[in-house]
Every structure is written in structure tokens, then in C-alpha cells.
Amino acid sequence: MNYQQPPPPSPQPLRPTPAFIGASWAALAVGVLSYGLGLWNADMTKSEKGFYAATLLLGLFGAISLQKSVRDQAEGMPVSALYLGLSWVMVALSLIMLVIGLWNSGMQLNEKGFYGLAFTMSLYAAVAVQKNVRDLAYRP
Numbered sequence: 001m002n003y004q005q006p007p008p009p010s011p012q013p014l015r016p017t018p019a020f021i022g023a024s025w026a027a028l029a030v031g032v033l034s035y036g037l038g039l040w041n042a043d044m045t046k047s048e049k050g051f052y053a054a055t056l057l058l059g060l061f062g063a064i065s066l067q068k069s070v071r072d073q074a075e076g077m078p079v080s081a082l083y084l085g086l087s088w089v090m091v092a093l094s095l096i097m098l099v100i101g102l103w104n105s106g107m108q109l110n111e112k113g114f115y116g117l118a119f120t121m122s123l124y125a126a127v128a129v130q131k132n133v134r135d136l137a138y139r140p
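At position 130 of the sequence shown (counting the first as 1) the number is 130 in UniProt numbering, and the numbers step up by one without a gap.
What follows is the structure in C-alpha cells.
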């Protein structure tokens, strides 16, 4: 039996496929639009709708900042510990705010699950889109 060593890793990152790019953008659009439409049609006060919208925006910003910081650090670029820490705090804070808001709301359990899933899907998709944008911009 001949054992062959695996090829060495590519010196440049692999580029994302068009299918993954499209799926990432579609997931972001579906997550944000469904969250927004859910808020639009919800029987809540404007301040409650504003709270949930601001929580989503905070989470998206934190997730994108965290992905960029972690990637910069992995590629040897200087990243301040303060910015990296704040990015982690913003993601955690947005999740905590959403959980507390949903826990204390008078919504049905299925509505709470809908907002939780749309929020989580949006954060994941934002990270995937940011990764794709960065990978496509990389020029060796």
C-alpha cells in the first residue's frame, strides 16, 4: 500500500464559489427581511419594535467587526485587544438583549422562536458575506 502525503496547503486562500456567495447573500436577505417583516406586522409598541431593530443592528455590526478582527489577527495584521474585546462584547450583548427581551415579552413561543432564528441566521449570514467579500478582495 502506497501512502502519499497530502499536498501542502495553498499559500493563498481559496476563493469562495459563486454558489456559496449567492447562498450567503440570500441567507442574509432572508434573515434580515423576515426579522424586519416580523417586526412590521407585530402587535408591539414602536419602542419595542425599535428595541428589537436596534438589537439586530448591534448584533450585525458586532459580528462583522468580530469576523474582521479575528481574520486580521489570523493573517498577522495588528489588532488592538480593545477593539477585539469590544467586538466580542457587542455580539454577546446583542444576544443577551435579544434573549432578555424575548423572555420578558408577551409573545407566543413560536413568535419568540421566529425572532431568535431570524436573528441568528442574520448574524451567521453577515459573517459569511463579510468573509466572502474579504476573500474576493484578496489579491496575492
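We put the beta carbon where it would ideally sit given N, CA and C, even for glycine.
Which whole-angstrom value describes the C-beta separation of Ala125 and Ile64, a residue pair presumed to lie in contact below a C-beta threshold of 8 Å? Residue mapping note: residue 125 aligns to position 125 of the sequence shown, counting from 1. Residue mapping note: residue 64 aligns to position 64 of the sequence shown, counting from 1. The pair is not a contact, with the Cβ atoms about 11 Å apart (cut-off 8 Å).
Would you check if there are 3 or more beta carbon pairs closer than 8 Å linking the segment 29-39 to the segment 112-125? yes
What distance in whole Å lies between the Cβ atoms of Gly38 and Tyr115, which are believed to be in contact at a cut-off of 8 Å? Start at 1 with the first residue of the sequence shown, and residue 115 comes out as number 115. Start at 1 with the first residue of the sequence shown, and residue 38 comes out as number 38. Going by Cβ atoms, the distance from Tyr115 to Gly38 rounds to 6 Å, so yes, they are a contact pair.
Where Asn2 sits in the DSSP three-state scheme: Counting from one through the sequence shown, the residue named residue 2 turns up at place 2. Asn2 falls in the coil class under three-state DSSP.
Would you check if there are 3 or more beta carbon pairs closer than 8 Å linking the segment 101-109 to the segment 57-72? no
In three-state terms, what does DSSP make of Leu14? For the purposes of this step, residue 14 is taken as the residue at position 14 of the sequence shown. Three-state result, Leu14: coil.
Below 8 Å between beta carbons: does that hold for Leu98 and Thr55? Counted from its first residue, the sequence shown places residue 98 at position 98. Counted from its first residue, the sequence shown places residue 55 at position 55. Against a cut-off of 8 Å, the Cβ pair of Thr55 and Leu98 comes out as a contact.
In chain order, what residues of the same chain have a beta carbon less than 6 Å from the beta carbon of Pro16, not counting five sequence neighbours either side? Walking along the sequence shown from the start, residue 16 turns up at place 16. Around Pro16: Asn132, Asp135.
Gln130: buried (16+ other C-beta within 10 angstroms of its C-beta) or exposed? Within the sequence shown, the letter at position 130 stands for residue 130. It is buried - the Cβ of Gln130 has at least 16 other Cβ atoms within 10 Å.
Give me the Cα-Cα distance between Phe51 and Ser69, rounded to the nearest whole angstrom. The residue you call residue 51 lines up with position 51 of the sequence shown. The residue you call residue 69 lines up with position 69 of the sequence shown. Each residue's Cα considered, the two are about 27 Å apart.
If you check the beta carbons only, do Leu58 and Ser94 fall under 8 Å apart? On the sequence shown, residue 58 is found 58 positions in, with the first residue counted as 1. On the sequence shown, residue 94 is found 94 positions in, with the first residue counted as 1. In this structure, Ser94 lies closer than 8 Å to Leu58 by Cβ.
Cβ neighbour criterion (16 or more within 10 Å) applied to Tyr3: Within the sequence shown, residue 3 is the residue found at index 3, counting from 1. Classification of Tyr3: exposed, given that the 10 Å Cβ count is below 16.
Between Phe20, Pro6, Leu14, which has its C-alpha nearest Ala128's C-alpha? One-based indexing of the sequence shown puts residue 128 at position 128. The candidate whose alpha carbon is nearest that of Ala128 is Phe20.
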